[in-house]
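Novice: Structure incoming, see below.
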Amino acid sequence: MAVRSKTTQRGEEMRALIFDAAEEMFLAKGFDTATQREIAEAAGIEQGLLTYYFKTKKELFEKALERRLQATFNLQHAALQTLLKKTGGKPVVEDVLQAYSNPVLNAVLKGDRGILFAVQLTQIRLPSNTDSELLTAAEALYAPLRKAFVDALVAALPHASRKRLDMGFDAFEAIYFALFTDRRGGIDMPLWQSTPASRKFIVNFGAAGIRGMATPR
Numbered sequence: 003m004a005v006r007s008k009t010t011q012r013g014e015e016m017r018a019l020i021f022d023a024a025e026e027m028f029l030a031k032g033f034d035t036a037t038q039r040e041i042a043e044a045a046g047i048e049q050g051l052l053t054y055y056f057k058t059k060k061e062l063f064e065k066a067l068e069r070r071l072q073a074t075f076n077l078q079h080a081a082l083q084t085l086l087k088k089t090g091g092k093p094v095v096e097d098v099l100q101a102y103s104n105p106v107l108n109a110v111l112k113g114d115r116g117i118l119f120a121v122q123l124t125q126i127r128l129p130s131n132t133d134s135e136l137l138t139a140a141e142a143l144y145a146p147l148r149k150a151f152v153d154a155l156v157a158a159l160p161h162a163s164r165k166r167l168d169m170g171f172d173a174f175e176a177i178y179f180a181l182f183t184d185r186r187g188g189i190d191m192p193l194w195q196s197t198p199a200s201r202k203f204i205v206n207f208g209a210a211g212i213r214g215m216a217t218p219r
């Protein structure tokens, strides 16, 4: 087995330090407002060292987001695979939606700021001047996971049109991502104050909508 050099290890540690500082700054201010100088200060390093590893703020944002998105998708994929194994590939709709939402919600409620960064930044504070490129990159990472969940819905409702199930899952995603905003309809209700009952309601609401949209092929 190859042994990492001290230089390689130091580089990885420095990138992780910069990523962590950048996540907090982007969460607090969004891409457009956060500056490289502020990120460097938060990381406790000189700005020149930051730009040595990441030439531009856009590059730093993309790499940080990619790191966290992959970790987020891995949680959801693992939950789905566990469900499919447990049910012999014949899940019910509610369980599919819980496999999608619960791993991420649980991680954030336990204080995982990295997962929160991944979800909030892709949905709420994408950089205004680069969102098209970033969305394309994020969607490429997300596409296999999304397909797997729609496949699971097809297995749960084999009589239904895949197109309709796909549309229903789109609607559920919109509800799910709304959990990560601080205000909905003028009412303060941040994610970390949500209750198991409210989360169950959202899953049941989404499942009812998906069943309602299901039509014979």
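Residue numbers (our numbering): 3 to 219. Note that CB positions come from ideal geometry on N, CA and C, so glycine has one too.
Please classify Lys202 as buried or exposed, where buried requires at least 16 other C-beta atoms within 10 Å of its C-beta.
Specialist: Exposed.
Novice: Output the distance between the C-alpha atoms of Thr10 and Leu51, rounded to the nearest integer angstrom.
Specialist: For Thr10 and Leu51, the distance between alpha carbons rounds to 15 Å.
Novice: Under the DSSP definition of a beta bridge, which residues are partnered with Ala66?
Specialist: According to DSSP, Ala66 bridges with nothing at all.
Novice: So, for Phe63: in the same chain, excluding its five sequence neighbours on each side, which residues have a beta-carbon less than 6 Å away from its beta-carbon?
Specialist: Correct list, in chain order: Phe33.
Novice: Pick helix, strand or coil for Ala162, following the three-state DSSP scheme.
Specialist: Strand, per DSSP.
Novice: If you draw a straight line from the C-alpha of Thr84 to the C-alpha of Tyr178, how long is it?
Specialist: Their backbone Cα atoms lie some 21 Å apart in a straight line.
Novice: For Pro198, which three-state DSSP category applies?
Specialist: Helix.
Novice: Roughly how many angstroms lie between the CA atoms of Leu118 and Leu111, to the nearest whole one?
Specialist: Each residue's Cα considered, the two are about 9 Å apart.
Novice: Three or more C-beta pairs closer than 8 Å, one from the region 31-46 and one from the region 66-74: is that the case here?
Specialist: Too few Cβ pairs lie closer than 8 Å, so no.
Novice: Between which two residues does the alpha helix (DSSP H) containing Asp114 stretch?
Specialist: First-last for Asp114: undefined, no H or E at that position.
Novice: Which same chain residues end up closer than 6 Å to Phe56 when comparing Cβ atoms and leaving out the 5 residues on each side of it in sequence?
Specialist: Cβ within range, chain order: Leu62.
Novice: Report all residues from its chain with a CB closer than 6 Å to the CB of Arg164; omit the five preceding and five following residues, and keep chain order.
Specialist: Excluding sequence neighbours, Arg164 sits near Val156.
Novice: By how many angstroms is the C-alpha of Gly211 removed from the C-alpha of Thr217?
Specialist: Rounded to the nearest angstrom, the two C-alpha atoms are 12 Å apart.
Novice: Go through the region 30-58 residue by residue and report every complete run of the alpha helix (DSSP H) that reaches 4 residues or more, in order.
Specialist: Fully enclosed alpha helix (DSSP H) runs of 4 or longer: 38-45 and 49-55.
Novice: Quick one: measure Cβ to Cβ for Leu167 and Leu159, integer angstroms, because I've assumed they're closer than 8 Å.
Specialist: Confirmed, Cβ separation roughly 6 Å.
Novice: What would DSSP say about Thr240, mapped onto helix, strand or coil?
Specialist: Absent from the structure is residue 240, since the part of the chain shown begins at 3 and ends at 219.
Novice: Look at the alpha carbon of Ala180 and the alpha carbon of Lys65, and state the distance between them as a whole number of angstroms.
Specialist: Approximately 24 Å between the Cα atoms of the pair.
Novice: Among the candidates Val205, Arg115 and Gly214, whose CA atom is the shortest distance from the CA of Glu96?
Specialist: Residue Val205 is the option with its Cα nearest to Glu96.
Novice: Given Phe75, which residues of its chain have a CB within under 6 Å of its CB, disregarding the five upstream and five downstream residues?
Specialist: Same-chain partners within the cutoff: Leu147.
Novice: In or out: Met27 buried (at least 16 other Cβ within 10 Å) or exposed?
Specialist: With 16 or more other Cβ atoms within 10 Å, it is buried.
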